[in-house]
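Each remark here refers to the structure printed beneath this line.
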């Protein structure tokens, strides 16, 4: 069954994060290969694969949370792209981040917007 | 125009938070009445009144963010109820909070679930 | 294999947290039973069951982290008791928490010490 | 010289926090008496005793920081009272906390205002 | 009246942050021009324009808060310069940041001091 | 006696952090030399010099806390090296960081692992 979780998680990771997710996994190969496996199995194989909340809402939730926490810029950028990948519009990403000014302050929202700006520029 | 922002914000506050929002505003009357006004004008009159992201998504975003931050339990409970008020299902609230285990750890998700449990119990 | 993770995690949860861990799991039964299962499987079945770092060090690490974060008092108390359960002395718990004054400030350390005081008093 | 730091810190603690500071110190007697000593020596004997920033500004700084962090309510209340003790007006306390809505979000500012409300009510 | 808030905010932004504030606003033009407007209207037009706390104290409060939060380095640097612009001395900035070692730990204070070092070096 | 704390702290700083610690102290010389002295005296002269918790456990605690807080990357890297210096194995460092996925989320653990990767690469 572990293989099922891994296979399901890997498919979900590719659906959401595309190559960015795979790069993160690859970057762990020399230092913590088991952690790369956990990352596929628990967040993607268990959580993102659950029914009850669609992927668009899940990506809006994570963009909101990482913007508010303000201490995980690389992961925020991966999930801004992930949000776009699953059908969240650029406008919806921007609105989600702007709203965080209310809950985590203007600096958190500003830094989230600058992260979105980089992601949008890379995507062209 | 300030009156417009206030009126628009008050209507939006009532739509989202119902009596809980009004209680917060009332509780500020003796110490910081201007802050009660700002709370209506900026978050509700400016941000929540924007097009581009529907209220369901906005409430999912704030439930996610406050669960992840983990230091604003009263406001998290108000917004769990707010999410229900604008059409987010209990299941979607629970899924949003569970997902935060991935981004802010299991204690944050647990405390979010216990907050939801209280809100659901009060709502009957 | 999922059953193996669950069984291994449940045994580890009982070894570390005793009845406190089981109470947390039971408290999730009505709202998020799958999350209770994940809590057993990932943190306890996967992480705490790993070789390479003994349980004493793992509990010192979590007491340090939860003291520093300062926003998960119930879980900090469970893990202070967990630390004692796996052989960390009261003095070592106190030293770990005191050290957090350096990394997260005196209020975080104070609130950690008061949590330890409660746990020690309950334990007698 | 250690005695000098302790004596200077104790006098400064009493000047700022009055009995509240001494209660905190007393509450540590059974679990971490050395930490009580460090608390007097480093924050109060070293930092608060420095020239270059007056006590009013120091208390405004700490009220701002603890409001923004949002995870140390007891210490925030002690320092709201401390601010009043060294000549910061209630209005200045309220303005400092309100301003934190900009830097840490409205929930942090709200919880800070409710803390101030309690302190002001106790003071009469 | 919205125009009044904007005009008042823009003047206050220029008074406090000078060109740095205007650069932030300009940098939002392509991604979130409304957010640039909110930034001028709410923090600067509403909050910083209030009586009851002078600008020196307001800048000390924000330097303290952003140092303590530790996750908004660009904004901390803007406000260290802002503090200098409204008459806070370099020594007062340094004292404010040093004091945060007590409330948010030595790493937060160290990173705040390094930010100040950069700002002071740029200012010459 | 102040000289005793300083001498004891400097020896402890060198034992744990080697040249990295001394570089931090040197970098404060122009902006806050007293803070460099406090850094040696309180964290290293007072806290790390205490009996009751060995240096290996102390470094595991700080690596855990700084990984979880996620906003002090330079200090995390210094203490990953510090952990290695006092006899914590690379595997133990990695396990400590991985465990933080449970308490502070996967992004915090990932960023901690990437910090470890840099430190290990520099050490060869």
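Protein chains in written order, with the numbering used here: chain U, 247 to 370; chain E, 247 to 370; chain Y, 247 to 370; chain Z, 247 to 370; chain L, 247 to 370; chain B, 247 to 370.
Using N, Cα and C, we set each Cβ at its ideal position, and we do this for glycine too.
Source: prediction; values computed, not measured.
Membership of residue 291 of chain U in any alpha helix (DSSP H) is not indicated, and neither H nor E is assigned to it by DSSP. For residue 346 of chain Y, a Cβ of chain L is located within less than 9 Å of the residue's own Cβ. For residue 354 of chain B, the residues of chain U that pass the 8 Å Cβ criterion are 317, 318, in the order they occur in the chain. The Cβ-Cβ distance between residue 336 of chain B and residue 290 of chain B does not fall below 9 Å. Proximity of residue 277 of chain Y to chain E, defined by a Cβ-Cβ separation below 9 Å, is satisfied. For residue 252 of chain Y, no CB of chain L lies under 9 Å from its own CB, so it is not counted at the interface with that chain.
Rounded to whole angstroms, the separation of the alpha carbons of residue 343 of chain Z and residue 265 of chain Z is 24 Å. Within chain Y, 274, 277, 278, 281 have C-beta atoms less than 7 Å from the C-beta of residue 359 of chain E, given in sequence order. In summary, the residues of the segment 296 to 327 of chain E whose CB is separated from some CB of chain Y by less than 8 Å are 315, 316, 317, in the order they occur in the chain. Residue 322 of chain Z and residue 249 of chain E have their C-alpha atoms roughly 35 Å apart. Here residue 278 of chain U is buried. Its C-beta has 16 or more other C-beta atoms within 10 Å. The C-beta of residue 294 of chain U comes no closer than 9 Å to any C-beta of chain Y.
By alpha-carbon distance to residue 299 of chain E, the top candidate from U:330, U:345, U:252, U:293 is U:345. Neighbours of residue 290 of chain Z in chain B, taken as residues whose beta carbon is under 8 Å from its own, are absent, since the nearest beta carbon is some 13 Å off. In terms of Cβ geometry, residue 340 of chain U and residue 325 of chain U do not form a close pair [threshold 9 Å]. The DSSP-derived three-state label of residue 343 of chain Z is helix. Between residue 351 of chain B and residue 354 of chain E, the C-beta gap is smaller than 9 Å, which places the two residues in contact.
For residue 269 of chain E, the number of other beta carbons within 10 angstroms of its own is below 16, and it is reported as exposed. Counted as a single uninterrupted DSSP element, the alpha helix (DSSP H) harbouring residue 357 of chain B occupies residues 352 to 369. No residue range can be given for residue 274 of chain Y, since it is assigned to no alpha helix (DSSP H) and is classified by DSSP as neither H nor E. Per the C-alpha coordinates, the member of Z:347, Z:330, Z:356 positioned closest to residue 370 of chain Z is Z:330. For residue 270 of chain E, the nearest beta carbon of chain Z is closer than 9 Å to its own beta carbon. Rounded to whole angstroms, the Cβ separation of residue 311 of chain B and residue 311 of chain Y is 5 Å, and the two are in contact under 8 Å. Neighbours of residue 285 of chain E in chain Z, taken as residues whose beta carbon is under 7 Å from its own, are 352 in chain order. Here residue 300 of chain Y carries a coil assignment [DSSP, helix/strand/coil]. Check the Cα spacing between residue 256 of chain Z and each of Z:305, Z:314, Z:364, Z:294: the tightest is with Z:294.
DSSP places residue 324 of chain B in the uninterrupted alpha helix (DSSP H) bounded by 319 to 331. Excluding five sequence positions before and after residue 275 of chain B, the CB atoms of its chain that fall closer than 8 Å to its own CB belong to 282, given in chain order. Of all alpha-carbon atoms in L:280, L:284, L:334, the one lying nearest the alpha-carbon of residue 262 of chain L is that of L:334. Under the Cβ criterion of 9 Å, residue 338 of chain E is counted among the residues facing chain U.
With distances taken between CA atoms, residue 347 of chain B lies nearest to B:314 out of B:368, B:303, B:314, B:328.
Rounded to the nearest whole angstrom, the C-alpha separation of residue 273 of chain E and residue 258 of chain L is 30 Å.
Scanning its chain for C-beta atoms nearer than 7 Å, with the 5 sequence neighbours on each side dropped, one finds no residue around residue 284 of chain E.
When only Cα atoms are considered, residue 363 of chain Z and residue 304 of chain Z end up about 21 Å apart. Here DSSP, grouped into helix, strand and coil, assigns residue 316 of chain Y to coil. For a cut-off of 8 Å, the C-beta gap from residue 332 of chain L to residue 302 of chain L is around 6 Å, short enough to register as a contact.
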